[in-house]
Amino acid sequence: MKDRRLFNLFAANAKRGSFRADAASNTIELYDLIVSSEIEAEWFGGVSLQGFAKTLRGMSGTVHLRINSPGGDVFAGVGIAQIMREYDGEIVAHVDGYAASAASVVAIAADKVVMAPASMMMIHKAWTWGIGNADDLIATAELLEKIDGQLADTYAARGSKDAKAFMQLMAAETWLTPQEAIDCGLADEMASDKDKSAANARARWDVSAFEHAPAQMAADPSPDKIRAAVEAALAERDRQDREKAATIAAAEHERGQRQRRAHLLARTA
Numbered sequence: 029m030k031d032r033r034l035f036n037l038f039a040a041n042a043k044r045g046s047f048r049a050d051a052a053s054n055t056i057e058l059y060d061l062i063v064s065s066e067i068e069a070e071w072f073g074g075v076s077l078q079g080f081a082k083t084l085r086g087m088s089g090t091v092h093l094r095i096n097s098p099g100g101d102v103f104a105g106v107g108i109a110q111i112m113r114e115y116d117g118e119i120v121a122h123v124d125g126y127a128a129s130a131a132s133v134v135a136i137a138a139d140k141v142v143m144a145p146a147s148m149m150m151i152h153k154a155w156t157w158g159i160g161n162a163d164d165l166i167a168t169a170e171l172l173e174k175i176d177g178q179l180a181d182t183y184a185a186r187g188s189k190d191a192k193a194f195m196q197l198m199a200a201e202t203w204l205t206p207q208e209a210i211d212c213g214l215a216d217e218m219a220s221d222k223d224k225s226a227a228n229a230r231a232r233w234d235v236s237a238f239e240h241a242p243a244q245m246a247a248d249p250s251p252d253k254i255r256a257a258v259e260a261a262l263a264e265r266d267r268q269d270r271e272k273a274a275t276i277a278a279a280e281h282e283r284g285q286r287q288r289r290a291h292l293l294a295r296t297a
């Protein structure tokens, strides 16, 4: 359903990706969804603004950000991009698979953007989901319009077209090949065919939530598939909750044992 596209994107791709950093090579791998909070990350996987900021703050010097992401929450993407711009050092973005939706905003915030030969960048008008009354949802729609304008300005500041042209590309949900992204000024160069880094981008994303995804990339958006993904996410969260409960119970048991030993020692002293 069109009004649930962001939820469908998250549900269909729940727990598929990974986000990690390698201090030895000063590399961050964003092979995941971009989510609005750590709570959302527990449900669907993905990286939040808080998680990304913590990772980047632990680095220094030139950082290589490897991206294979179908995107996610626009506000989180904008926040991550701002954290990147404030970083005291160079950031090189390597698009190993997709830099779609909010992930394109993250990619172009880097000082340099290198795209793998088979990768794609996608830009579109902002999505979000909202809960509330009519006034709340109207306010959300107005905010999205402002975000669209800001995104078009951001693409124009990085690219070779003006904001109006980028707004048209966004409205059309445009999927860009590496050469097309370079021609638009959103990427700087294409990686060599000898660059095998793209082979490490293992996550296979379901991008059927998007309206104009290339046919070979779009998976079947069946209700059964969405339901199975949600159930898997719920089961994973339940497992994590049980593990947390067991850890807390063990800690409480150990504390109780220590208190009883201390009490016995006090009585025999």
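Take the sequence shown: its position 268, counting from 1, is numbered 296 in my numbering, and each next residue is one higher.
The C-beta atom is built at its ideal place from N, Cα and C for all residues, glycine as well.
- Around the beta carbon of D116, fewer than 16 other beta carbons lie within 10 angstroms, which makes this residue exposed.
- Checking the DSSP bridge columns, you'll see I119 partnered with V91.
- Under the 10 Å beta carbon count, H92 is surrounded by 16 or more other beta carbons and is classified as buried.
- Straight across, the Cα-Cα distance linking F103 with A130 is about 8 Å.
- Put simply, the backbone Cα of F72 is about 40 Å away from that of Q287.
- Rounded to the nearest angstrom, the gap between the Cα atoms of L58 and D50 is 12 Å.
- Between D221 and K140, the C-beta gap is not smaller than 8 Å, which leaves the two residues out of contact.
- Less than 8 Å separates the beta-carbon of A128 from that of M150.
- With fewer than 16 other Cβ atoms inside 10 Å of its own Cβ, I159 counts as exposed.
- Under the DSSP assignment, V133 falls in the alpha helix (DSSP H) whose first and last residues are A130 to I136.
- Excluding its 5 nearest sequence neighbours in each direction, Y183 has C-beta neighbours in its own chain below 6 Å: F194, listed in chain order.
- Note on geometry: alpha-carbon atoms of A237 and A167 lie some 24 Å from one another.
- DSSP, read as helix, strand or coil, puts A42 in coil.
- When the beta-carbon positions are compared, L179 and M148 stay at least 8 Å from each other.
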